[in-house]
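Peer 1: Before I ask anything, let me first share the structure, which is written out below as structure tokens.
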Amino acid sequence: MGRAVTVATCALNQWALDFEGNLDRIVRSIGIAKSRGARYRLGPELEVCGYGCSDHYYESDTLLHSFQVLQKLLESPATQDIICDVGMPVMHRNVRYNCRVIFLNKKILLIRPKTALANAGNYRELRWFTPWSKARHVEEYFLPRIIQEVTGQETVPFGDAVLATKDTCLGAEMCEELWTPNSPHIEMGLDGVEIFTNSSGSHHVLRKAHTRVDLVNSATAKNGGIYLFANQKGCDGDRLYYDGCAMISMNGETVAQGSQFSLDDVEVLVATLDLEDVRSYRAEISSRNLAASKVNPYPRVKVNFALSCPDDVAVPICMPIQWRYHSPEEEISLGPACWLWDYLRRSKQAGFLLPLSGGIDSSATACIVYSMCHQVCLAVKSGNADVLADARRIVNDETYIPEVPQEFCKRVFTTCYMASENSSQDTCNRAKLLAEQIGSYHINLNIDGAVKAVVGIFNVVTGRTPRFSVYGGSSRESLALQNVQARIRMVLAYLFAQLTLWARGMPGGLLVLGSANVDESLRGYLTKYDCSSADINPIGGISKTDLKNFIQYCIENLQLTALRSIMSAPPTAELEPLVDGRVAQTDEADMGMTYAELSIYGKLRKIGKAGPYSMFCKLMNMWKEICTPREVAAKVKHFFTMYSVNRHKMTTLTPSYHAENYSPDDNRFDLRPFLYNTTWAWQFRCIDKQVSAL
């Protein structure tokens, strides 16, 4: 009869427009699936061209090259005797769709277009694609000639249909369709579909994995069935890190779990499951069966192929497992580290340079690079030939084997402490000790000469010399002098990134890392074009609170004892003169708000969709035990004033790893004006009226 079906799903580190590399990874995944006995293989969303092609989807080249890759896949011996489900863009009757192309033995069985497009937050699918709105409707799709020559087919089914094999029925849904209120798997399950597939391009956000896993398991908890989830992994060319988590679920329970963070470009999950477990599970749910008797049926594409074998009584069946989640601190340690590795190897640079100030933010960034080095060593030790080849190319040594994280760190990571007359010896010592413990190549330099030269030019031109506030200068003079220091550090960072390896007799250049956290960006507590301006920023989407917890995690798990003194020191920019040799300037005093308050403001502004008045109303309730209405009003007004005054800085924000849903990233995620009426006259007046009434 055939009960045990063996199916495979995967997580692939695809790269936008890397058609050759993408093809190789797809073929490898199919080969692995077949070698483990799978009869069906599911891949990530838009895996042929890479999910992050953005406006390249408009180009006919992207469609052409996707079909050329499909031609290679159809011709490949690896794709024979296994149903292959791949993702690519397809134009049908002059409309572009995000599609699954499902084929078997050089014949295309079905092209299934996506019915619900992701169009919120970082996603803009409606910009490039149109959703298929004809439910349970199939049309003829005329194949390009290069595909006709391989398949011998002139047309194939295109639309909302399911596959009926000899032993079961399969239905596809894609990424966003799982997150919609009326997901396709509901009606498909009622219509007898037993295996659901989901190809995704789902990116990492801190604490998001629980939601994704719960959605997949709940898809079959009420309706029964087998659910395969495939996802992109890695950095495919922008701010997002796709975090894998491929999984297979049955009847509401996970039976196979893929890794969330890994340097493996190809990861395949295979499970053998009993179809009778699905049928018996459904048999006793009477409400489900009553609904199924009235369902509108899906068109079925008949496939002369079975996912099971006739004699399968002795085949071992996969059992449910408990999903293992990472803590937020582990996520920070692993996600940005994998993103940095992808960026480093794909940009073909020789390493990173980080201005290391001895504070929490730059130290956290250094720890993430150290974690990257640790992951590389672990991957090489486990036999990952791709990682070894990349590491050898980066360090320009064909015999090199990265075995000790500190030693590899010395080769690819340069840290630089840029002292001024306003820097304390404490921060200098902290930076030096941390560099020693992680193994980075560390540079100490002093910027006072450059600062005096720049201020001297201003003096020659104007005849005036600005002074710090403590020496009788105005706040404008003091801020200008602080900004000069910060911007000179940025200039020097790029100079040393370009020439440090040259000076050491080594080839290549370095990528400059920024280290402004998400809260400082939201408040605008940074100098435009200072050391927050860099090539990439691994912590730009992470809150100060989470970074502090991550630092503690590194102390306990990576034995970086230098971080203890960094944790206990108050955050400071060290841009104003010292008082009796000690730091007098602190971040929270400068900002007029705490980092904890900033996180709350950020979540209410972005996630809670709150303007000034709504934020005041919400905080009145949240802070009623600790603040008077007038105090809450003053805090809200100060935040929105400073946020709007500094919003222009977000237009030049360094590309950052996206990790929080309240990120102020101006590129794509948080679209706002950058020239505000910073008085907020109407809004603040509404707050004042409410305060008076209270």
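Counting in the numbering used here, the sequence shown runs from -8 upward without gaps. Using N, Cα and C, we set each Cβ at its ideal position, and we do this for glycine too.
When the distance is taken between beta carbons, is residue 101 closer than 7 Å to residue 35?
Peer 2: Locating residue 35 in the sequence shown gives position 44, counting from the first residue. Locating residue 101 in the sequence shown gives position 110, counting from the first residue. No; because the gap between Cβ atoms is not below 7 Å, this pair is not in contact.
Peer 1: Nearest to residue 450 by alpha carbon, out of 113, 184, 290 and 468?
Peer 2: The residue labelled residue 450 in the question sits at position 459 within the sequence shown. Ranking 113, 184, 290 and 468 by Cα distance to residue 450 puts 468 first.
Peer 1: Can residue 400 and residue 431 be called in contact, C-beta distance under 7 Å?
Peer 2: In the sequence shown, the residue the question calls residue 400 occupies position 409. In the sequence shown, the residue the question calls residue 431 occupies position 440. In this structure, residue 431 lies closer than 7 Å to residue 400 by Cβ.
Peer 1: Can you find the residues in the same chain that come closer than 7 Å, C-beta to C-beta, to residue 286, ignoring five residues on each side of it along the sequence?
Peer 2: Within the sequence shown, the letter at position 295 stands for residue 286. Closer than 7 Å at the Cβ level, and outside the excluded window around residue 286, lie 178, 181 and 182.
Peer 1: Is DSSP giving residue 640 helix, strand or coil here?
Peer 2: The residue given as residue 640 occupies position 649 in the sequence shown. In this structure, residue 640 counts as helix in the three-state DSSP scheme.
Peer 1: Whole angstroms are fine: how far does the CA of residue 344 sit from the CA of residue 245?
Peer 2: As a working note, residue 245 is residue 254 in the sequence shown. As a working note, residue 344 is residue 353 in the sequence shown. For residue 245 and residue 344, the distance between alpha carbons rounds to 42 Å.
Peer 1: Could you name the residues of the same chain whose beta carbon sits closer than 6 Å to that of residue 25, not counting the 5 residues immediately before and after it, in chain order?
Peer 2: Here residue 25 refers to the residue found at position 34 of the sequence shown. Same-chain partners within the cutoff: 73.
Peer 1: With a threshold of 7 Å on Cβ separation, who are the neighbours of residue 346 within its own chain once the five nearest residues in sequence on each side are excluded?
Peer 2: Residue 346 sits at position 355 when you count from the first residue of the sequence shown. Excluding positions up to five away in sequence, the list reads 353, 407, 409, 480, 484 and 522.
Peer 1: Give me the residue from 478, 545, 590 and 301 with the minimum Cα distance to residue -4.
Peer 2: Here residue -4 corresponds to residue number 5 of the sequence shown, with the count starting at 1. Ranking 478, 545, 590 and 301 by Cα distance to residue -4 puts 301 first.
Peer 1: Which residues bound the beta strand (DSSP E) around residue 104?
Peer 2: For the purposes of this step, residue 104 is taken as residue 113 along the sequence shown, with counting starting at 1. Residues 98 to 104.
Peer 1: Can you check DSSP and say which residues form a bridge with residue 293?
Peer 2: Here residue 293 refers to the residue found at position 302 of the sequence shown. DSSP lists 155 as partners of residue 293.
Peer 1: Is the region 8 to 16 touching the region 83 to 93 in the sense that three or more CB pairs, one from each, lie closer than 8 Å?
Peer 2: The region 83 to 93 vs the region 8 to 16: no contact.
Peer 1: Considering only C-alpha positions, which residue in the set 133, 657 and 628 is nearest to residue 640?
Peer 2: Taking the sequence shown and counting its residues from 1, one reaches residue 640 at position 649. With distances taken between Cα atoms, residue 640 lies closest to 657.
Peer 1: Where do the N-terminal and C-terminal ends of the beta strand (DSSP E) with residue 675 fall, by residue?
Peer 2: Within the sequence shown, numbered from 1, the residue matching residue 675 stands at position 684. Looking at the DSSP string, residue 675 is not in any beta strand (DSSP E); the run it does join, the alpha helix (DSSP H), is 672 to 684.
Peer 1: Please confirm if the region 498 to 511 is in contact with the region 523 to 531, defined as three or more CB-CB distances below 8 Å between the two stretches.
Peer 2: Taking 8 Å as the limit for Cβ pairs, the verdict is that the region 523 to 531 does touch the region 498 to 511.
Peer 1: Using three-state DSSP, classify residue 588 as helix, strand or coil.
Peer 2: Counting from one through the sequence shown, the residue named residue 588 turns up at place 597. If DSSP states are grouped into helix, strand and coil, residue 588 belongs with the helices.
Peer 1: How long is the line joining the alpha carbons of residue 118 and residue 110, rounded to whole angstroms?
Peer 2: Looking up residue 118 in the sequence shown gives position 127. Looking up residue 110 in the sequence shown gives position 119. The straight-line gap from Cα to Cα measures roughly 8 Å.
Peer 1: Put residue 457 into one of helix, strand or coil per three-state DSSP.
Peer 2: Against the sequence shown, residue 457 aligns to sequence position 466. Coil at residue 457, not helix or strand.
Peer 1: Work out the CA separation of residue 107 and residue 127 for me, nearest whole Å.
Peer 2: Numbered from 1 along the sequence shown, position 136 holds the residue referred to as residue 127. Numbered from 1 along the sequence shown, position 116 holds the residue referred to as residue 107. One C-alpha to the other measures close to 14 Å.
Peer 1: Quick one: complete beta strand (DSSP E) runs, 3+ long, within the region 20 to 73?
Peer 2: Those beta strand (DSSP E) runs which fall completely within the region 20 to 73 and span 3+ residues are 31 to 33.
Peer 1: What are the complete alpha helix (DSSP H) segments, minimum 4 residues, inside the region 391 to 461?
Peer 2: Counting only runs of 4 or more, we get 396 to 403, 416 to 429 and 439 to 453.
Peer 1: So which of 30, 58, 50 and -2 has the shortest CA-CA distance to residue 11?
Peer 2: To locate residue 11, count along the sequence shown from 1; it is residue 20. Answer by Cα proximity: 58.
Peer 1: Would residue 378 pass as a contact of residue 370 if the rule is Cβ separation under 7 Å?
Peer 2: The residue given as residue 378 occupies position 387 in the sequence shown. The residue given as residue 370 occupies position 379 in the sequence shown. Yes, Cβ-Cβ distance for residue 378 and residue 370 is below 7 Å.
Peer 1: Classify residue 12 as helix, strand or coil using the three-state DSSP reduction.
Peer 2: Counting from 1 along the sequence shown, the entry for residue 12 is found at position 21. Helix.
Peer 1: Do you know offhand how far residue 8's Cα is from residue 226's?
Peer 2: Locating residue 8 in the sequence shown gives position 17, where the first residue counts as 1. Locating residue 226 in the sequence shown gives position 235, where the first residue counts as 1. Each residue's Cα considered, the two are about 13 Å apart.
Peer 1: Using only the alpha-carbon positions, how far apart do residue 269 and residue 185 sit?
Peer 2: Locating residue 269 in the sequence shown gives position 278, counting from the first residue. Locating residue 185 in the sequence shown gives position 194, counting from the first residue. Roughly 7 Å between the two C-alpha positions.
Peer 1: Over the uninterrupted beta strand (DSSP E) stretch that includes residue 262, give me the two end residues.
Peer 2: One-based indexing of the sequence shown puts residue 262 at position 271. It spans 257 to 265 - the beta strand (DSSP E) in which residue 262 sits, taken as one unbroken run.
Peer 1: Are the CB atoms of residue 96 and residue 71 within a distance shorter than 7 Å?
Peer 2: For the purposes of this step, residue 71 is identified with residue 80 of the sequence shown, where counting begins at 1. For the purposes of this step, residue 96 is identified with residue 105 of the sequence shown, where counting begins at 1. Yes, the Cβ-Cβ distance between residue 71 and residue 96 is below 7 Å.
Peer 1: Which residue from 551, 293, 45 and 135 puts its Cα closest to that of residue 157?
Peer 2: Position 166 of the sequence shown, counted from the start, is the residue given in the question as residue 157. Per the Cα distances, 293.
Peer 1: My parser needs the beta strand (DSSP E) runs of 3 or more residues fully inside the region 124 to 205; what are they?
Peer 2: DSSP runs (the beta strand (DSSP E)) wholly in the region 124 to 205: 129 to 133, 146 to 150, 153 to 155, 160 to 165 and 186 to 191.
Peer 1: Alpha carbon to alpha carbon, how far is residue 193 from residue 115?
Peer 2: Counting from one through the sequence shown, the residue named residue 193 turns up at place 202. Counting from one through the sequence shown, the residue named residue 115 turns up at place 124. So the alpha carbons of these two residues sit roughly 13 Å apart.
Peer 1: Assuming residue 75 and residue 21 make a contact with CB atoms under 8 Å, what is their CB distance in whole Å?
Peer 2: Stepping through the sequence shown from its first residue, residue 75 is reached at position 84. Stepping through the sequence shown from its first residue, residue 21 is reached at position 30. Sure, about 6 Å apart at Cβ, within 8 Å.
Peer 1: Would DSSP call residue 244 helix, strand or coil?
Peer 2: In the sequence shown, counting from the first residue as 1, residue 244 sits at position 253. Note: residue 244 maps to strand in three-state DSSP.
Peer 1: Less than 7 Å between the C-beta atoms of residue 492 and residue 499, yes or no?
Peer 2: Mapped onto the sequence shown, residue 492 falls at position 501. Mapped onto the sequence shown, residue 499 falls at position 508. Taking 7 Å as the Cβ cut-off, residue 492 and residue 499 qualify as a contacting pair.
Peer 1: When you compare only the Cα positions, how much space is there between residue 448 and residue 567?
Peer 2: As a first step, residue 448 must be located in the sequence shown, where it is residue number 457. As a first step, residue 567 must be located in the sequence shown, where it is residue number 576. Approximately 21 Å, taken between the alpha carbons.
Peer 1: With a threshold of 8 Å, are at least 3 pairs of Cβ atoms found where one atom belongs to the region 299 to 313 and the other to the region 257 to 264?
Peer 2: Verdict: yes, contact present.
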